[in-house]
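Colleague: I'd like to ask some things about the structure below.
Written out as structure tokens, the structure reads:
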């Protein structure tokens with residue numbers, strides 16, 4: 001089975017532009033998590049979904065960030081407008097409910113650079 | 001709230017040295033405990049886990065024992081290899097989330 005798929009793997013954009021990151025979770029997983037990783041702040045949970053419904057978005061930095069999960073096999077994280085301080089690696093992870101919650105499967109990440 | 005504290009890195013060792021990465025936790029109740037590993041350019045992946053007190057998780061020569069009395073879950077390996085160079089994250093589960101420590105970068109010199 002394919003793992004968690006993220007696209008693009010690298011994104012370079014200019015300040016003020018809109019950025020959309022995409023994620024396809026593992027088939028059958030009903031939880032999806034978005035994380036941000038930087039040297040300064042480490043790994044931060046931004047938002048997570050259960051059965052396509054956002055459960056906790058308290059980690060979303062500000063209104064410039066939004067996330068959607070229109071169906072069980074696709075999610076997006078959008079930043080509009082982007083700023084240089086948004087530069088980071090963004091990870092998507094998925095897991096199954098019940099005992100499966102003990103293991104999250106991470107995608108390879110999207111490295112975002114905002115100039 | 002629940003939290004995980006692990007030793008700051010980087011940790012630099014020679015190949016075949018003994019490894020310990022310390023991890024302590026603060027939590028209500030009895031969470032499951034984990035070690036995740038992140039190799040360069042990749043996402044995190046589960047290395048080992050323990051779900052109750054005195055359980056020992058093990059994988060790829062790494063071990064960690066769930067110590068309730070000291071609220072610790074230290075990672076150990078008897079003889080490290082260059083291929084073990086990575087960032088290691090201690091973590092616990094809380095409801096449907098996993099709470100990660102800040103990570104410890106490990107460098108193994110040949």
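Protein chains in written order, with this note's numbering: chain Y, 1 to 115; chain F, 1 to 110.
Using N, Cα and C, we set each Cβ at its ideal position, and we do this for glycine too.
1) Anything in chain Y within Cβ reach of residue 45/F, meaning under 7 Å, just list it in chain order.
2) Verify the CB distance criterion: does residue 43/Y have a CB-CB separation below 8 Å to chain F?
3) Does residue 80/Y pass the burial test, meaning 16 or more other C-beta atoms within 10 Å, or should it be called exposed?
4) For residue 61/Y and residue 46/Y, what's the separation of their Cα atoms in angstroms?
5) Only counting the same chain, and skipping five residues up and downstream in sequence, which positions put a Cβ closer than 8 Å to that of residue 99/F?
6) Please report the residue range of the beta strand (DSSP E) in which residue 57/F lies.
7) DSSP three-state label for residue 82/F, please.
8) For residue 109/F, does the count of other Cβ atoms within 10 angstroms reach 16, so buried, or fall short, so exposed?
9) Establish whether the CB of residue 11/Y and some CB of chain F are separated by less than 8 Å.
10) Would you list, in chain order, the members of the stretch 46 to 73 of chain F that have their beta-carbon closer than 9 Å to a beta-carbon of chain Y?
11) Any Cβ of chain F within less than 8 Å of the Cβ of residue 50/Y?
12) Can a CB atom of chain Y be found closer than 8 Å to the CB of residue 100/F?
13) If I'm right that residue 43/Y touches residue 57/F with Cβ under 8 Å, what's the distance once you round it to whole angstroms?
14) Would you check whether the ligand MG has a heavy atom nearer than 7 Å to the C-beta of residue 12/F?
15) Given residue 109/Y, which residues of its chain have a CB within under 6 Å of its CB, disregarding the five upstream and five downstream residues?
Modeller: Answer, in terms of the structure:
1) 106
2) yes
3) exposed
4) 8 Å
5) 2, 3, 4, 91, 92 and 93
6) 56 to 59
7) helix
8) exposed
9) no
10) 46, 49 and 51
11) yes
12) yes
13) Residue 43/Y to residue 57/F, Cβ: 20 Å. No contact.
14) In the structure on display, the ligand MG does not appear, and there are no ligands present to speak of.
15) 89 and 91
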